[in-house]
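Okay, so here's the structure we're looking at.
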Amino acid sequence: MLSGSDTVYVLRYFDVIGRAEGCRLLLTAANASWTEEHPEWPAEKANQPFERLPVLVERSNGNEWILCESLTIERYLARVFGFMPTDLKQAALQEQMADQQADLLSAFFAQLTATGDMKPKQIDEFNTLFDRMVKEHGRILSRSSSKQHLFGDHLSYADISLYAFYKLFIVYLKCYQSDIAEIVKSKLTPKIINLILSIEKEPQLAPHFSKCDTMAAIFTAKDF
Amino acid sequence: MSSSNASYTLRYFDIVGLAESSRILLTAAGVEWTDEHPEWPQEKPNQPHGRMPVLVEKSTDGSPDFVICESSNIERYLARTYGFLPADLKQAALQEQLRDLMSDVIALFTSQIQCKNEEDKAEFQTKFDGLLETLINIQTKLLKDNNNTGRLFGNKLSYADIVTYGFYMTMLVSFAGFKADIIDIIKPKLTPEIVKLISVVESDPLVVKHKSRGGSLAAIVSA
């Protein structure tokens, strides 16, 4: 672990799952000293370096250091706390999964807001991308030595990122589109569902579920 | 660090698009590399995520080639491997956050172009204008704080410099195909500090041999 025991983190974001769940899970899994702040918005916009959230504040030895952009924050925390492989090739294989997931989120909003003849095209694009991603996750999992982790036999950045992604789609995005959870669930294979639920049971993540529900209750026997 | 006899293939369309930063990084790294323009969409199923760009690092020991995708992932991998991103995690993260912000600006432009509904189009336009302004302010401040050398950090060519150059190449050359007046809209917004960065990157000894299919960005922004 590269951060000192006197280092504390503040994650600034809205009080929603949104784009910060990966950051929350990483800080929890790391057993870091951290708190969450929900700045008044848009009153606090001008006080953020990029005028956006999330923002990570790291305080150590009287110094304060600030980082923006959800994926950069995730990759930074993953490296600081040892969830990202130090081998550059192995790290790139994990990072590209997170980038693909971000593309899926963009595709979701594109199909949500599309109108006219663009709508069916964007919906089709979203479904194609999602199905391809699930296949890729399945392929990676089939090569993993453990069926509870994407790479190796320990909780990694890729596992945490995947869990945050599915939580986003299954628990959060229904506030934008009421049927998205069912659409996404129907695309998942039993092996992927098993992976999601295994990650959820990781002891390092246990404190996260004192503040929110697990997804275990969402998947019933008929989903497997 | 990879051995200097590594060689690469970059698979993408024969356009500037989202690949220019990767091309510049490969050139600046001094490694052997080629562009490949796969038949499309025939070759879609043969790419890891069904999309491009894709980077292939040719294996030298008979093991399978190393293949990665996602443009910003390719950039970060090359930058870390060849020393354009610092090893210090904080220093690297400060550079990466700029690239992610630029990706957000590109995403807003794409959303705006794809929108058919005039009201939504106007909303995306407003967001795009606002975020581009934020980006330009941040880049300009960093350049000024770094003694206006045309470098965002330190005193040699960095990942941040290259991806910033690549971003403006995408905006001003690639996107001109979608919005003919984009140069007239964006050029006046560029500060002298950013214009200098573009010139400094393009003329850097490590980059100068790169002949972009987009031509000289420095010429476009200073004309």
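Going down the list, the protein sequences come from chains A and B. For the first sequence, numbering that gives the first Met the number 0 assigns the number 0 to the initial residue and increments by one for each residue that follows. For the second sequence, numbering that gives the first Met the number 0 assigns the number 0 to the initial residue and increments by one for each residue that follows. We treat Cβ as the ideally placed atom computed from N, Cα and C, and that holds for glycine.
Check, Outcome
"Can you pull the chain B residues whose beta carbon is under 7 Å from the beta carbon of W64(A), in chain order?", "K89"
"Given this structure, state the Cα-to-Cα distance separating I139(A) from K146(A), to the nearest angstrom.", "10 Å"
"Does the Cβ of F125(A) have 16 or more other Cβ atoms within 10 Å, making it buried, or fewer, making it exposed?", "buried"
"Tell me whether the region 27 to 40 of chain B and the region 58 to 74 of chain A touch, counting them as touching only if at least three CB pairs, one residue from each stretch, are closer than 8 Å.", "no"
"Tell me the DSSP secondary structure of Y171(A) in three-state form.", "helix"
"Buried or exposed: which applies to A222(B), given that a residue is buried once 16 or more other Cβ atoms fall within 10 Å of its Cβ?", "exposed"
"How is S62(B) classed by DSSP in three states: helix, strand or coil?", "coil"
"So which residues of chain A does S110(B) contact, with C-beta pairs closer than 9 Å?", "S105, F108, A109, T112"
"Three or more beta-carbon pairs under 8 Å between the region 151 to 167 of chain B and the region 19 to 26 of chain B, yes or no?", "yes"
"Could you tell me the alpha carbon to alpha carbon distance between D116(A) and S110(B), rounded to whole angstroms?", "15 Å"
"In terms of residue numbering, what span does the alpha helix (DSSP H) encompassing C22(A) cover?", "20 to 28"
"Mind checking which residues open and close the alpha helix (DSSP H) that includes N62(A)?", "That residue, N62(A), is in no alpha helix (DSSP H); its beta strand (DSSP E) goes 62 to 67."
"Closer than 7 Å by C-beta to M0(A): which residues in its own chain qualify, once you throw out the five before and the five after it? Chain order, please.", "Below a pLDDT of 50, predicted positions are generally treated as unreliable, and M0(A), at 48, falls in that range; the measurement from the model is reported next regardless. Excluding positions up to five away in sequence, the list reads F80, G81."
"Label I195(A) either buried or exposed according to how many other C-beta atoms from any shown protein chain fall within 10 Å of its C-beta, with 16 as the threshold for buried.", "buried"
"Residues of the region 195 to 214 of chain B in Cβ contact with chain A at a cutoff of 9 Å, in chain order, please.", "none"
"Which of the three DSSP states, helix, strand or coil, is assigned to I16(A)?", "coil"
"Mind checking whether F108(B) and F12(B) have CB atoms under 8 Å apart?", "no"
"According to DSSP, which residues form a beta bridge with W33(A)?", "Y8(A)"
"State the CB to CB distance for the pair G21(A) and S160(A), rounded to an integer number of angstroms; the pair is presumed to be in contact (CB under 8 Å).", "5 Å"
"Between the C-alpha atoms of Y165(A) and S102(B), what's the straight-line distance to the nearest angstrom?", "22 Å"
"Any C-beta of chain B sitting closer than 8 Å to the C-beta of C22(A)?", "no"
"What are the partner residues of V55(B), as DSSP defines its beta bridges?", "T8(B), V66(B)"
"Based on the DSSP secondary-structure assignment, which residues constitute the bridge partners of W32(B)?", "Y7(B)"
"Would you say F174(B) reaches chain A, if we count a Cβ-Cβ gap shorter than 8 Å as a contact?", "no"
"Can you name the residues of chain B whose CB is closer than 7 Å to the CB of V79(A)?", "L88"
"Quick check on D144(B) - is its C-beta less than 8 Å from some C-beta in chain A?", "no"
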